[in-house]
Each structure stands twice: as C-alpha cells, then as structure tokens.
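K.L.:
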Amino acid sequence: MTDRLGELSAAGVAVWLDDLSRTRLTSGGLDKLRREKHVAGVTTNPTIFAKALSDADEYNWQLRDLAVRGVEVEEAVRMLTTYDVRWACDVMRPSYEKSNGVDGRVSIEVDPRLAHETERTVAEAKALWWLIDRPNLFIKIPATEAGIPAITATLAEGISVNVTLIFGLDRYSQVMEAFLAGLEQAKANGHDLSKIGSVASFFVSRVDTEVDKRLEKIGSDEAKALRGKAAVANAQLAYERYAKVFSSDRWQALADAGAHPQRPLWASTSTKNPDYRDVIYVEQLIAPGTVNTMPESVIKAYADHGETRGDTVTGAYDAARKVFTDLEAVGVDMADVIAVLEREGVEKFEASWLELLDGVRKSLESAAHGAGTPGRAAQGNAQAAAQAGGNA
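Counting from 1, one number per residue, gives the positions in the sequence shown under my numbering.
As structure tokens, then:
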C-alpha cells in the first residue's frame, strides 16, 4: 500500500491532528495516530473541548471531584482541559525528541474573551505554561491587534506560541515581526532559543466560504469561475512572505543563536463545500517547512487518496496574484473579507468558550447532586458550540 501520509511528511509537511479528547487518550488512539499515521502534533480550540466534554464519560470522575471541592466553573474548565493537554504532550513527547523540539507539540488556547486585552493574554499564557509544565506545549494566542504585542511578550518569556486566527497577508507580516522581536527579547533575557517554538496558523477554508458567498451574490460567469480559488491563493502568497522573512539577515542572526523558524501552519483545512475535493487544502498547500493540521476525517481521506505532487506552493505565486487581481476586478473586496473573518473568528471561539463554560457548569451541578451522567450534561451546549465554531 502507498504510504501517502509518509510521502506528505517527506515533502516537508508536518501532519498534525486538529482534535483532542479524553477518549483519544484513554484508548491509545492518539498514540496510534502518532505511530501509524505520521501525526506529529495536536491542536485544540474551545469548540473541540466543548465537544470532547459532552461526548465522553471519562470526565465523570474528575467532574465529581471538582464538584466536591466546590471549584468555580472557570477553574474546572482549566483543570479538565489542561489535564488532557498535559497527557497529550506526554504522548507526543517521542515526536518532540525525535525532531529536536520542532514537532511533537500540543496547543492550548488562552481564553478567547481576552483577544483584545494584551496584558491579560500574556498573564494567562504564562499561567497555562507553568500549569501544564511540558516543554512541547504551545500556547495559542489570536492574531488580533492586541494579540500581536502579546505574542512578542510571551515569546520573550521563553514560552512557545501558536499564533492562531490569521486570515490576511498584512496581519501575517505583523505576526512574523512579532515573532522575530519576541525571540530577540528572549535572547536578551537569557533564554535558550533552541527550546522556543512557534507556528503561525493561517486559516484556509473559511476564506473560500466567505469569498464564494460574495462571488455567488455577484453572479457573473467571471465571478463564479473564481469559486474555490481564493483560500489557496491567499495561503500561497503567505508562504511567499514567509520565505522572504526567513531568508533575511535578521533571521539568520537568530538562527545562528539556535532559533527554529516560525513555520506556517495551514488550519481549517477540511472543505466546507462538498463540491470541492476533500483534500484540496492539503494537496495544493505542499511546501517545505509547513504544518497542516487536520481533523481525523481529512487525515484518513489523504491516507486513502491524497496525491503528493511535490511543492505546490512556491511555483504558484504569480497565479495566486492573478486570482487576487481577478477577484478585485469582479468586485470582491479582500480587505473587507479578511476583516469580517477575523472578527467572526474571535466571536465564534468566544461563543464556543461560553458554551463550554455553561456545559461544565451544568455538569458540575449534576455531579454535585449525584444526578445523571455528568459527562453528557453539556451535550446540547456542545452541539451549539460546534455549529458556531467549526474546526480550527
């Protein structure tokens, strides 16, 4: 049988799983994906945790103990989620060691309600870092206006960061600048740069969802011909910027001090339009030094019929720019698209977080009164959260 995921990894794309649950951990499913499917990292978000806590009885004992202690719901959420992430870090530790700290990473997100508060974001990032206490942890910080300085400040503390919710090219340039500044400060603070990791999570499918909606509204043949092209073009041009920044003298000085580059991570890579090939956002974004975080359904689909045709990014810059020119010509305002997606991205994760809090609150109340099955008390809330948040 063809090892398609192995071919993808050999082409320079790290395969990460965009999911985590207590069931994956207790069953050994995550470790099996690591050993057999080339999965080299894990990403999470509030929607993923909301679903995990609603679906599994494995949380019941911990919910009962938390209820007996009378902890507040926000502390309970942190105890539940950090427990899973700490465990996942241990499962992925062999990948971390084998890759000299590049892969084997597991991400946990700061409270998305802090997306517009720099100092509180940094404070929570530090708290999560010492609470989980694993070297292969990533703290996810959104690439909002307030998030940019938080990224620099967190990296300066020697803390590894997954920058999430990146949609636009200019914002991505700010993220890379924040990364370089953070590493320079970390070096000045005496931190070992070889221990600090970072990825920049560039969201893909949501761009097509928003652009395609506008193209359908325009309705011309020229507009309809551009459906399904914006997201890949956007990511390809992001990689062009990445290649330029990480070949600069400024970066080389940090690399000489032991730093690893901040890899582009393609997020939201499951297709939302059933008319599109189910692995389109993997096949068309193959480039050295990248990460593609996928739900298990996409991992299985690629293992079954994905095609690794070498680098599909670096030779596509001119074609990608033409897509943007054509979109502008038919009346799609990409600056507005990006602004809408960033705002909605934060709002969706905030909604998922609130649903998660509400679900855990109900589970704690159920556990405290000895009623029902605590792990399933939040099921309705989690389903609403999944609809609001989508995959990362």
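The C-beta atom is built at its ideal place from N, Cα and C for all residues, glycine as well.
Nothing here was measured: the structure is a model prediction, and the numbers come from that model.
Short of 6 Å in beta carbon distance, which residues of its chain neighbour Glu240, apart from the five on each side in sequence? Order them along the chain.
P.N.:
In the sequence shown, residue 240 corresponds to position 240, counting from 1. Closer than 6 Å at Cβ, skipping near neighbours: Tyr317.
K.L.:
Take Arg277 as the anchor and find which of Val71, Ala301, Ala150 and Val122 has the nearest alpha-carbon.
P.N.:
Counting from one through the sequence shown, the residue named residue 277 turns up at place 277. Selected option, being the one with the closest Cα: Ala301.
K.L.:
Which whole-angstrom value describes the C-beta separation of Val346 and Thr144, a residue pair presumed to lie in contact below a C-beta threshold of 8 Å?
P.N.:
Position 346 of the sequence shown, counting from 1, holds the residue named residue 346. Position 144 of the sequence shown, counting from 1, holds the residue named residue 144. Between Thr144 and Val346 the Cβ distance is about 6 Å, and since that is below 8 Å, they are a contact.
K.L.:
Going by C-alpha distance, which of Arg4, Glu72, Ala88 and Val77 is nearest Asp31?
P.N.:
Along the sequence shown, one-based indexing puts residue 31 at 31. Out of Arg4, Glu72, Ala88 and Val77, Ala88 has the C-alpha closest to the C-alpha of Asp31.
K.L.:
What alpha helix (DSSP H) runs, 4 residues minimum, are completely inside the segment 192-240?
P.N.:
Taking only runs of at least 4 residues, the alpha helix (DSSP H) segments lying wholly in the segment 192-240 are 205-218 and 221-224.
K.L.:
Looking at the structure shown, is Glu117 part of a helix, part of a strand, or coil, going by DSSP?
P.N.:
For this step, residue 117 is matched to residue 117 along the sequence shown. Note: Glu117 maps to coil in three-state DSSP.
K.L.:
Going by alpha carbons, who is nearest to Gly41 out of Asp57, Leu137 and Ala123?
P.N.:
If you number the sequence shown from 1, residue 41 lands on position 41. Answer by Cα proximity: Leu137.
K.L.:
Would Lys51 and Leu5 be called neighbours here (beta carbons separated by less than 8 Å)?
P.N.:
Within the sequence shown, residue 51 is the residue found at index 51, counting from 1. Within the sequence shown, residue 5 is the residue found at index 5, counting from 1. No, these two residues do not count as a Cβ contact at 8 Å.
K.L.:
Could you name the residues that DSSP lists as bridge partners for Gly41?
P.N.:
By 1-based counting over the sequence shown, the position of residue 41 is 41. Paired residues: Arg105.
K.L.:
For Thr271, which of helix, strand or coil comes out of DSSP?
P.N.:
The sequence position of residue 271 within the sequence shown is 271, counting from 1. Coil at Thr271, not helix or strand.
K.L.:
Between Val122 and Arg34, is the Cβ-Cβ spacing less than 8 Å?
P.N.:
Counted from its first residue, the sequence shown places residue 122 at position 122. Counted from its first residue, the sequence shown places residue 34 at position 34. Taking 8 Å as the Cβ cut-off, Val122 and Arg34 do not qualify as a contacting pair.
K.L.:
With a cut-off of 8 Å, do at least 3 Cβ pairs link the segment 251-270 to the segment 191-203?
P.N.:
The answer is yes - the segment 191-203 touches the segment 251-270, with three or more Cβ pairs under 8 Å.
K.L.:
Look up Trp266 in the DSSP assignment and give the residues it is bridged to.
P.N.:
Your numbering for residue 266 matches position 266 in the sequence shown. Answer by DSSP bridge pairing, in chain order: Phe202 and Asn292.
K.L.:
Pull up the CB-CB distance for Asp103 and Ala14, whole angstroms please, since I reckon it's below 8 Å.
P.N.:
The sequence position of residue 103 within the sequence shown is 103, counting from 1. The sequence position of residue 14 within the sequence shown is 14, counting from 1. Confirmed, Cβ separation roughly 5 Å.
K.L.:
If Ala125 sits next to Ile139, beta carbons under 8 Å apart, how far is it from one beta carbon to the other, in whole angstroms?
P.N.:
Within the sequence shown, the letter at position 125 stands for residue 125. Within the sequence shown, the letter at position 139 stands for residue 139. With a Cβ gap of about 4 Å, Ala125 and Ile139 count as contacting.
K.L.:
For the beta strand (DSSP E) that contains Phe138, what are its first and last residues?
P.N.:
Along the sequence shown, one-based indexing puts residue 138 at 138. Per DSSP, Phe138 belongs to the beta strand (DSSP E) from Leu137 to Pro142.
K.L.:
Buried or exposed: where does Asp18 fall if 16 or more other Cβ atoms within 10 Å of its Cβ makes it buried?
P.N.:
Mapped onto the sequence shown, residue 18 falls at position 18. It counts as buried.
K.L.:
Looking only at its own chain, which residues have a Cβ that is under 6 Å from the Cβ of Thr373, when we skip the five neighbours before and after it?
P.N.:
The residue you call residue 373 lines up with position 373 of the sequence shown. In this predicted model, Thr373 has a pLDDT of only 45, less than 50, meaning its place in the structure is not dependable; the value taken from the coordinates is given anyway. Nothing listed; no residue qualifies.
K.L.:
With a CB to CB cut of under 6 Å and the five nearest residues on each side skipped, what residues in its chain are close to Gly168?
P.N.:
What you label residue 168 is simply residue 168 of the sequence shown in a count that begins at 1. Once the five neighbours on either side are set aside, the close Cβ partners of Gly168 are Ile338.
K.L.:
Rounded to the nearest angstrom, how far is the Cβ of Ala146 from that of Ala115, given a contact under 8 Å?
P.N.:
Within the sequence shown, the letter at position 146 stands for residue 146. Within the sequence shown, the letter at position 115 stands for residue 115. With 8 Å as the limit, Ala146 and Ala115 qualify as a contact, their Cβ atoms being about 7 Å apart.
K.L.:
Put Leu53 into one of helix, strand or coil per three-state DSSP.
P.N.:
Position 53 of the sequence shown, counted from the start, is the residue given in the question as residue 53. Correct three-state label for Leu53: helix.
K.L.:
Following the continuous alpha helix (DSSP H) through Ala396, name the residue where it begins and the one where it ends.
P.N.:
Because the chain is modelled from 1 through 392, residue 396 falls outside the range shown and cannot be assessed.
K.L.:
Can you grab the Cα-Cα spacing for the pair Ala67 / Thr43, in whole Å?
P.N.:
As a position in the sequence shown, residue 67 is number 67, starting the count at 1. As a position in the sequence shown, residue 43 is number 43, starting the count at 1. Answer to the nearest angstrom: the Cα atoms are 28 Å apart.
K.L.:
For Asn189, does the three-state DSSP call read helix, strand or coil?
P.N.:
Numbered from its first residue, the sequence shown carries residue 189 at position 189. Three-state DSSP puts Asn189 in coil, outside helix and strand.
K.L.:
Using CA atoms only, rank isn't needed, just tell me which of Ala238, Val323, Leu354 and Leu327 is closest to Gly219.
P.N.:
On the sequence shown, position 219 is the one that residue 219 refers to. Answer by Cα proximity: Leu327.
K.L.:
Which of the three DSSP states is assigned to Asn100 in this structure?
P.N.:
One-based indexing of the sequence shown puts residue 100 at position 100. The answer is coil: DSSP assigns Asn100 none of H, G, I, E or B.
K.L.:
Given a cut-off of 8 Å on the beta-carbon distance, is the pair Arg86 and Gly197 in contact?
P.N.:
Within the sequence shown, the letter at position 86 stands for residue 86. Within the sequence shown, the letter at position 197 stands for residue 197. Not in contact: Arg86 and Gly197 (Cβ atoms no closer than 8 Å).
K.L.:
Please go through the same chain and pick out, in chain order, the residues whose beta-carbon is closer than 7 Å to the beta-carbon of Leu364, but skip the five residues on each side of it.
P.N.:
Counting from one through the sequence shown, the residue named residue 364 turns up at place 364. These residues qualify, in order along the chain: Leu63, Leu66, Ala67, Val73 and Ala76.
K.L.:
Below 8 Å, can you find three or more Cβ-Cβ pairs linking the segment 294-308 to the segment 219-234?
P.N.:
No, the segment 294-308 is not in contact with the segment 219-234.
K.L.:
If contacts are defined as beta-carbon pairs under 8 Å, then Gln262 and Met176 qualify, I think. What distance do you get, rounded to the angstrom?
P.N.:
One-based indexing of the sequence shown puts residue 262 at position 262. One-based indexing of the sequence shown puts residue 176 at position 176. Their Cβ separation, rounded to whole angstroms, is 7 Å, which keeps Gln262 and Met176 in contact under 8 Å.
K.L.:
Alpha carbon to alpha carbon, how far is Arg78 from Lys348?
P.N.:
Taking the first residue of the sequence shown as position 1, residue 78 is located at position 78. Taking the first residue of the sequence shown as position 1, residue 348 is located at position 348. Between Arg78 and Lys348, the C-alpha separation is close to 19 Å.
K.L.:
In whole angstroms, give me the CA-to-CA distance for Ala371 and Ser27.
P.N.:
Translated into the one-based positions of the sequence shown, residue 371 becomes position 371. Translated into the one-based positions of the sequence shown, residue 27 becomes position 27. Its pLDDT being 47, under 50, Ala371 is placed unreliably in this model, and the coordinates cannot settle the point.
K.L.:
Rounded to whole angstroms, what's the CA-CA distance from Ala303 to Ser270? Just pull it up for me.
P.N.:
Position 303 of the sequence shown, counting from 1, holds the residue named residue 303. Position 270 of the sequence shown, counting from 1, holds the residue named residue 270. Each residue's alpha carbon lies about 14 Å from the other.
K.L.:
With respect to the beta strand (DSSP E) encompassing Ile166, which residues constitute its N-terminal and C-terminal limits?
P.N.:
Position 166 of the sequence shown, counted from the start, is the residue given in the question as residue 166. Its beta strand (DSSP E) spans residues Val161 to Ile166.
K.L.:
Taking Cβ positions, are Asp84 and Leu8 nearer each other than 8 Å?
P.N.:
Taking the sequence shown and counting its residues from 1, the one referred to as residue 84 is at position 84. Taking the sequence shown and counting its residues from 1, the one referred to as residue 8 is at position 8. Contact flag unset, no.
K.L.:
Taking the beta carbon of Glu142 as the centre, do at least 16 other beta carbons fall within 10 Å, making it buried, or is it exposed?
P.N.:
Taking the sequence shown and counting its residues from 1, the one referred to as residue 142 is at position 142. The amino acid at residue 142 is misidentified as Glu; the sequence shows Pro. So Pro142 counts as buried.
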